[in-house]
């Protein structure tokens, strides 16, 4: 018992000592003080070139120059870049509420070459939405030829939250701009509650990585299918050199296209422990032409021959108005929604497909309990077919939450592969909570699709923000 008390004392002492050295710094565009960054009166006008490990940098509204985050790592000490808001701005000295009422634009690109950063737009809206004002930080790029990425990341242990990553070149334009690019072994990366909008090649390009979490993001017009000249066609998400322990959950994907939504692996690469659940993938009602995925990639699968993929779990997603391929593509082959070659331990359940073309699932997948209506159905065991647009709260308005319950889906929490154990990075790998906060199966029925239909009240929208349901 004495030893335990001593250990606790040492641990508390360590935490206390670390906190003594942490400091807040303040950045405000147009500041006219001494520029020490000590408070809002004396704020720096841009992020300093060199940042201090363990410290937090609050950034006010305004326009700033692009920054390269290259501060030498020191153990696991994190540097936090946080958008200042009325509720959270570090100090009241010199503060004015107008400093925190809008966005901070962090230049036209961000480069991160060292690890242990948190770049947090300090928002509060947890449901994916495409309203730029809900994201405290914005990266505003006008590039039409940036293969390195609007956010270029060559480091591990990085978290991006409440950021609008924007390319002014509309996603319909064929060009060489990548949205987010991870080069080398960029591991332990979180992208949460972000708006990722427009690119003309690969949207999210990942070169071999493990432990990646993408959740509650709104991803719009990423990827490019028009394989014309120059050869800028791409995927919405490209995992070319393999990876493991990757989760895409509770994201909204609007009008994306390419060889695949998530394409894995060149020859001799290994891809494992991948989860894709709670996502809404759609093309706005009435504008189906021009967005889709071709037959070599499909929605989820290995877009190149020779890759080995295993332990993939794709469940409780909603797919609406998806084309087989772009009308301008050189490859109009039928789309396999779940493609598979050289694969093992592949599971896909409880997905909802409405008004989608050529829905097919590769033979390596264990599949069932789908729901479908409109153009095509996957033809799997225990399938519900004949859905009408009335299944949705507002099909014409692109609100794909459920107005009616589906036939009971498979209760996935009872499956052998379901992993609800605590995890220091993911929280837990599999979750029965949908993006609106409802618990699947809480009333004894586990619905199909991204949304659960229980007649329960949605959590209240945070003050000053609009609740947006896709």
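Residue numbers (the working numbering): 0 to 469.
Each residue gets a CB set at the ideal place from its N, CA and C atoms; glycine is no exception.
Just so it is clear, the structure is predicted and the values come from calculations on it, not from any experiment.
Outcome for residue i when other beta-carbon atoms lying within 10 angstroms are tallied against a minimum of 16
i	result
residue 86	exposed
residue 347	buried
residue 227	Only weak support exists for where residue 227 lies, its pLDDT of 48 falling under 50; the value from the coordinates is given anyway. Result: exposed.
residue 64	exposed
residue 31	exposed
residue 130	exposed
residue 75	exposed
residue 204	buried
residue 469	With a pLDDT of 39 at residue 469, under the threshold of 50, the modelled position of that residue is not reliable, and the figure given next carries that caveat. Residue 469 comes out buried.
residue 119	buried
residue 92	exposed
residue 493	Shown here, the chain extends from 0 to 469; a query on residue 493 therefore has no answer.
residue 366	buried
residue 361	buried
residue 471	Residue 471 lies beyond the range of the chain shown here (0 to 469); nothing can be said about it.
residue 25	buried
residue 342	buried
residue 441	exposed
residue 213	buried
residue 68	buried
residue 419	exposed
residue 73	exposed
Proximal residues to residue i (C-beta, below 6 Å), its chain only, five neighbours per side dropped
i	result
residue 479	Outside the displayed span of the chain (0 to 469) sits residue 479, for which this structure offers no information.
residue 252	218 and 280
residue 90	38
residue 311	273 and 345
residue 444	407
Residue i versus the options, residue with shortest Cα-Cα distance
i	options	result
residue 416	405, 407 and 428	428
residue 322	127, 374, 140 and 243	374
residue 191	211, 361 and 42	211
residue 292	311, 262 and 308	262
residue 98	21, 84 and 365	84
residue 198	92, 216, 220 and 368	220
residue 234	216, 201, 206 and 214	201
residue 243	275, 259, 215 and 383	275
residue 195	166, 189 and 181	166
residue 299	382, 313 and 436	313
residue 259	301, 282, 95 and 342	301
residue 70	453, 25, 110 and 124	110
residue 246	215, 28 and 265	215
residue 396	436, 453 and 319	319
residue 409	400, 343, 369 and 398	369
residue 400	436, 383, 21 and 418	436
residue 384	405, 343 and 444	405
residue 20	193, 52 and 36	52
residue 297	430, 359 and 188	359
Short CB-CB distance (under 8 Å) between residue i and chain D
i	result
residue 138	Checking the listed chains, one finds no chain D in this structure; it contains a single protein chain.
Residues of its chain near residue i, where Cβ-Cβ distance is below 7 Å and the 5 sequence neighbours each way are ignored
i	result
residue 285	none
residue 103	58, 59, 60, 61, 63, 82, 135 and 136
residue 402	389, 390, 391 and 392
residue 121	81, 82, 84, 87, 135 and 161
residue 185	152, 153, 154, 155 and 208
residue 183	153 and 206
residue 95	none
residue 453	437, 441 and 442
residue 125	192 and 215
residue 431	412, 438, 439 and 440
Cβ shell of residue i (< 8 Å), same chain only, five flanking positions each side left out
i	result
residue 433	249, 277, 315, 439, 449, 450 and 451
Whole-number beta carbon distance between residue j and residue i, since they are thought to touch under 8 Å
i	j	result
residue 23	residue 34	Not confirmed; about 16 Å, so no contact.
residue 141	residue 168	7 Å
residue 106	residue 66	7 Å
residue 108	residue 78	Wrong, their Cβ atoms sit about 19 Å apart, outside the cutoff.
residue 48	residue 28	With a Cβ gap of about 16 Å, residue 48 and residue 28 do not count as contacting.
residue 254	residue 283	7 Å
residue 337	residue 364	5 Å
So, does the stretch 257-275 touch the stretch 238-249, judging by three or more C-beta pairs under 8 Å?
yes
Quick test of the definition: if touching needs 3 or more C-beta pairs under 8 Å, does the stretch 436-448 touch the stretch 350-362?
yes
Meets three-Cβ-pair contact criterion under 8 Å: the stretch 386-393 and the stretch 406-420:
no
Any chance the stretch 417-424 sits against the stretch 363-379, with 3 or more Cβ pairs inside 8 Å?
no
Within 8 Å, do at least three Cβ pairs link the stretch 145-163 to the stretch 108-125?
yes
Closer than 8 Å is the cut-off here; do at least three beta carbon pairs connect the stretch 137-150 with the stretch 173-183?
yes
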